[in-house]
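Protein chains in written order, with this note's numbering: chain X, 59 to 172; chain H, 3 to 109.
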């Protein structure tokens, strides 16, 4: 089966610019996660969707980050404006049932803010 | 205190050695996941387990629900096993991640 697709793989932007990441989960997976992984740390959940509804966005910096999952399939994560500390790998994952079934991860987008 | 603690943080082994990575958690869970992350950033799910033991090739994962502890073992380690291994637990509605164990296997 096809895995979780993410694009782009790498992105370099200047601070205060905007950037958007895209994720296409595995077909039929209702739960979609966006994680931020700073170098040397474990992934930190930014937002969790169940179909097209938000389950948890408590750690999403809402002043600059936004995410949507239109039609409960693809999702986009946007940062506007970016800060230096946003440099990280942004991982998308999906699962059939949140936490109880195997999660499949995308390759991630490595963002560098200069 | 993190919900998931891993040890060791860093591990260097000689090719062929038996490797153990430990994971302890403090939350009630429905499943525990072992993940592998290579330098490029992508994460691969190795195991999902809720009891007992699972084996896949040279990898073995065990879990003790009563002690809230899991171990990932790699037998006959190889340089291609060099990666970050992450333990994640799912209490039913989300995942909690450990900070990972960085493994380097030297030829």
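Beta carbons: idealized from backbone N, C-alpha and C, even for Gly.
Member of the options whose CA lies at the smallest distance from the CA of residue i
{"i": "residue 74 of chain X", "options": "X/169, X/85 and X/141", "result": "X/141"}
{"i": "residue 94 of chain X", "options": "H/104, H/105 and H/99", "result": "H/99"}
{"i": "residue 137 of chain X", "options": "X/163, X/104 and X/109", "result": "X/104"}
{"i": "residue 14 of chain H", "options": "H/70, H/97, H/92 and H/83", "result": "H/83"}
{"i": "residue 130 of chain X", "options": "X/161, X/153 and X/116", "result": "X/153"}
{"i": "residue 160 of chain X", "options": "X/67, X/91 and X/125", "result": "X/91"}
{"i": "residue 81 of chain X", "options": "X/60, X/120 and X/143", "result": "X/60"}
Euclidean distance between Cα positions of residue i and residue j
{"i": "residue 98 of chain X", "j": "residue 86 of chain X", "result": "32 Å"}
{"i": "residue 173 of chain X", "j": "residue 33 of chain H", "result": "In the structure as shown, chain X begins at 59 and stops at 172. Residue 173 of chain X is therefore absent and cannot be evaluated."}
{"i": "residue 132 of chain X", "j": "residue 18 of chain H", "result": "43 Å"}
{"i": "residue 63 of chain X", "j": "residue 16 of chain H", "result": "35 Å"}
{"i": "residue 86 of chain H", "j": "residue 79 of chain X", "result": "24 Å"}
{"i": "residue 139 of chain X", "j": "residue 122 of chain X", "result": "6 Å"}
{"i": "residue 76 of chain H", "j": "residue 66 of chain H", "result": "18 Å"}
{"i": "residue 72 of chain X", "j": "residue 20 of chain H", "result": "45 Å"}
{"i": "residue 26 of chain H", "j": "residue 107 of chain H", "result": "24 Å"}
Residue i - containing beta strand (DSSP E), residue span
{"i": "residue 82 of chain X", "result": "77-82"}
{"i": "residue 168 of chain X", "result": "167-171"}
{"i": "residue 24 of chain H", "result": "21-27"}
{"i": "residue 92 of chain H", "result": "85-92"}
{"i": "residue 136 of chain X", "result": "133-137"}
{"i": "residue 151 of chain X", "result": "146-153"}
{"i": "residue 65 of chain H", "result": "61-66"}
{"i": "residue 95 of chain X", "result": "89-95"}
CB contact check: residue i to chain H, cutoff 7 Å
{"i": "residue 101 of chain X", "result": "yes"}
{"i": "residue 111 of chain X", "result": "no"}
{"i": "residue 160 of chain X", "result": "yes"}
{"i": "residue 166 of chain X", "result": "yes"}
Chain X contact for residue i (CB, 7 Å cutoff)
{"i": "residue 111 of chain H", "result": "Residue 111 of chain H is absent from the model: chain H starts at 3 and stops at 109."}
{"i": "residue 99 of chain H", "result": "yes"}
{"i": "residue 102 of chain H", "result": "yes"}
Cβ-Cβ separation, residue j to residue i (assumed contact under 8 Å), whole Å
{"i": "residue 37 of chain H", "j": "residue 45 of chain H", "result": "5 Å"}
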